[in-house]
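Student: Residue numbers (our numbering): 759 to 1233. Just so you know, even glycine gets a beta-carbon here, dropped at the ideal spot from N, CA and C.
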Ligand code: NAP
């Protein structure tokens, strides 16, 4: 389907700026140009930080911040079709999934507005010790300062919303660098924030060479926090380079799911088929490794494989499409290589494992050893493994057996099995009787181990973007 090419400028200090250099944004499905964005570098990044610092000299009261956030949610609702279409065009995300993302961004802004209104410190019970007698103490929550934000390609709207909305709720100005492949949704969101009455400098958006912009955000001491969502390879290096900055990382996963013998197998099979291949598996919590207790293994496959084969591949602009392209050719080649490595390593491809035109067919791999890349690295493609396990112990050990720890899932009808998994799975979130791809935007969301060091969700992000200042009054 033909799309209209958009031209977008950078936002610095409330002005839409052109630098003379442009970056083309191409559809991952058709290769057509869907937009072009003016390109920023180190100079523009410094100017953006100046503007953010200047803006924060005149704090915005909480009620105004909340009103702006509510208005952005309203704009997202009114312009839903345009917003979803922008996500779909630039990311190649099927419209079904793009619509969900657009609605979720409304929810992110709505929750952030609530947080803006209730941002407060707490009383300290001073007479609880002899030393504190005769004193009154409380804390104030202060915005941490200018926030740098770097976001990935796969949720080009809602993951940007998870950076911008809590920062504004916390009273912080932002310098945002969205992914170069998908900057249009972020710039559209910036337009909606401006229309919602955000004063100049509170949001600045730059698109350009990642390391050039990233270096300034990391090295400039006026940027007090950097909130990064993306790959571990980039994220942990940024954190290492700025030990004094609050560097908040939301990184990858190789998401496991355990299906216990006693589970509702039909509902598990349905949830797995829907959540291993949505957006071609390019979600950090896409189902990747399924461990089924041996007595239920055949029953599970009988229900799972036909559902996978029913998924509709095709043009992401088509409202009926379930699975579209991966982001680019490099990603496609890498995923196909990993499938070949699995085959060569003795695993069996039960369905998929090849291209349908330019698209990777949803691929299910059985008997995949833990050393294979599809088992221990993040595939970020429409591929999952299904292994039979002898016991819950073995399943938990395998699920924990990678360097990642974002979210994991278990299907069981036994309370004690669910609670045991909740205790023993080493992940930031354990989801019971639902795919671990599940996320509602108010949840504390984030990982342990290599998957990150923070929690997003407006209430949690606001806390991380504020400092507590203690006030003690001698009575
Ligand atoms: P990526 O390659 O790490 O890129 C993420 C962002 O970092 C992009 O804006 C990129 O800019 C920028 N970047 C790259 N190199 C940089 C550098 N040296 N300095 C500063 N910034 C730099 O990740 P991706 O491929 O876009 O996203 C996929 C990854 O994100 C997966 O691992 C996925 O699991 C993870 N993810 C995690 C979560 C979560 O919440 N935990 C959510 C979604 C995705 P350019 O685009 O300009 O290169």
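Taking Cβ positions, are residue 1166 and residue 1185 nearer each other than 7 Å?
Tutor: As a position in the chain shown, residue 1166 is number 408, starting the count at 1. As a position in the chain shown, residue 1185 is number 427, starting the count at 1. Yes, Cβ-Cβ distance for residue 1166 and residue 1185 is below 7 Å.
Student: Using only CA atoms, which one of 854, 993 and 1014 lies nearest to residue 1075?
Tutor: As a first step, residue 1075 is located in the chain shown; it is residue number 317 there, counting from the start. With distances taken between Cα atoms, residue 1075 lies closest to 854.
Student: At the level of alpha carbons, what is the spacing between residue 993 and residue 890?
Tutor: Your numbering for residue 993 matches position 235 in the chain shown. Your numbering for residue 890 matches position 132 in the chain shown. Roughly 42 Å separates the two Cα atoms.
Student: Since residue 935 sits in a beta bridge, which residues does DSSP pair it with?
Tutor: The residue labelled residue 935 in the question sits at position 177 within the chain shown. Note: residue 935 sits in a beta bridge opposite 908.
Student: Quick check: what's the CA-CA separation for residue 781 versus residue 1179?
Tutor: Position 23 of the chain shown, counting from 1, holds the residue named residue 781. Position 421 of the chain shown, counting from 1, holds the residue named residue 1179. Roughly 47 Å between the two C-alpha positions.
Student: Which residue marks the beginning of the alpha helix (DSSP H) containing residue 1096, and which one marks its end?
Tutor: As a first step, residue 1096 must be located in the chain shown, where it is residue number 338. Run containing residue 1096: 1087-1102, per the alpha helix (DSSP H) assignment.
Student: Between 1030, 897 and 916, which lies nearest to residue 1225 when the distance is taken from Cα to Cα?
Tutor: Numbered from its first residue, the chain shown carries residue 1225 at position 467. With distances taken between Cα atoms, residue 1225 lies closest to 897.
Student: What are the residues that DSSP puts in a beta bridge with residue 1225?
Tutor: Position 467 of the chain shown, counted from the first residue, corresponds to residue 1225. Paired residues: 900.
Student: May I have the straight-line CA-CA distance separating residue 1052 from residue 1105, to the nearest angstrom?
Tutor: Taking the first residue of the chain shown as position 1, residue 1052 is located at position 294. Taking the first residue of the chain shown as position 1, residue 1105 is located at position 347. Rounded to whole angstroms, residue 1052 to residue 1105 spans 17 Å at the Cα level.
Student: Do residue 1035 and residue 1120 have their beta-carbon atoms positioned less than 7 Å apart in this structure?
Tutor: Taking the chain shown and counting its residues from 1, one reaches residue 1120 at position 362. Taking the chain shown and counting its residues from 1, one reaches residue 1035 at position 277. Against a cut-off of 7 Å, the Cβ pair of residue 1035 and residue 1120 comes out as a contact.
Student: Given a cut-off of 7 Å, decide if residue 1140 and residue 1054 are closer than it, judged by their beta-carbon atoms.
Tutor: Counting from one through the chain shown, the residue named residue 1054 turns up at place 296. Counting from one through the chain shown, the residue named residue 1140 turns up at place 382. Contact flag unset, no.
Student: For residue 887, count neighbouring C-beta atoms within 10 Å of its own C-beta (all shown protein chains included) and say buried if the count is 16 or more, exposed if not.
Tutor: As a working mapping, residue 887 is identified with position 129 in the chain shown. It counts as exposed.
Student: Among the candidates 1175, 1097, 939 and 973, whose CA atom is the shortest distance from the CA of residue 789?
Tutor: Here residue 789 corresponds to residue number 31 of the chain shown, with the count starting at 1. Ranking 1175, 1097, 939 and 973 by Cα distance to residue 789 puts 939 first.
Student: Please check the pair residue 919 and residue 985, which I expect to be a contact at CB under 8 Å, by giving their CB distance rounded to whole angstroms.
Tutor: By 1-based counting over the chain shown, the position of residue 919 is 161. By 1-based counting over the chain shown, the position of residue 985 is 227. So it is not a contact: roughly 12 Å between Cβ atoms.
Student: If we require 3 or more residues per run, which beta strand (DSSP E) segments fall completely within the region 956-1008?
Tutor: Those beta strand (DSSP E) runs which fall completely within the region 956-1008 and span 3+ residues are 961-963, 981-987 and 1004-1008.
Student: Quick one: grab the DSSP three-state call for residue 1142.
Tutor: Indexing the chain shown from 1 puts residue 1142 at position 384. Residue 1142: strand per DSSP, three-state reduction.
Student: Taking only the alpha-carbon atoms, compute the straight-line gap between residue 1168 and residue 1043 and give it to the nearest angstrom.
Tutor: Walking along the chain shown from the start, residue 1168 turns up at place 410. Walking along the chain shown from the start, residue 1043 turns up at place 285. Taking the straight line joining both Cα atoms gives about 14 Å.
Student: Taking the DSSP output, what are the residues bridged to residue 1203?
Tutor: Here the question's residue 1203 lines up with position 445 in the chain shown. Residue 1203 pairs with 1214.
Student: Report the option in 787, 818, 763 and 1173 whose CA atom is closest to the CA atom of residue 1084.
Tutor: Taking the first residue of the chain shown as position 1, residue 1084 is located at position 326. Closest option to residue 1084, Cα to Cα, is 787.
Student: Out of 1110, 1040, 914 and 848, which one is the CA nearest neighbour of residue 784?
Tutor: On the chain shown, position 26 is the one that residue 784 refers to. When each option's Cα is compared against that of residue 784, the closest is 848.
Student: Strictly by DSSP, which residues pair up with residue 881?
Tutor: In the chain shown, counting from the first residue as 1, residue 881 sits at position 123. Paired residue(s): 896.
Student: Assess contact between the region 1213-1229 and the region 870-884, defined as three or more Cβ pairs (one per stretch) separated by less than 8 Å. Is contact present?
Tutor: Output reads yes: the region 870-884 touches the region 1213-1229.
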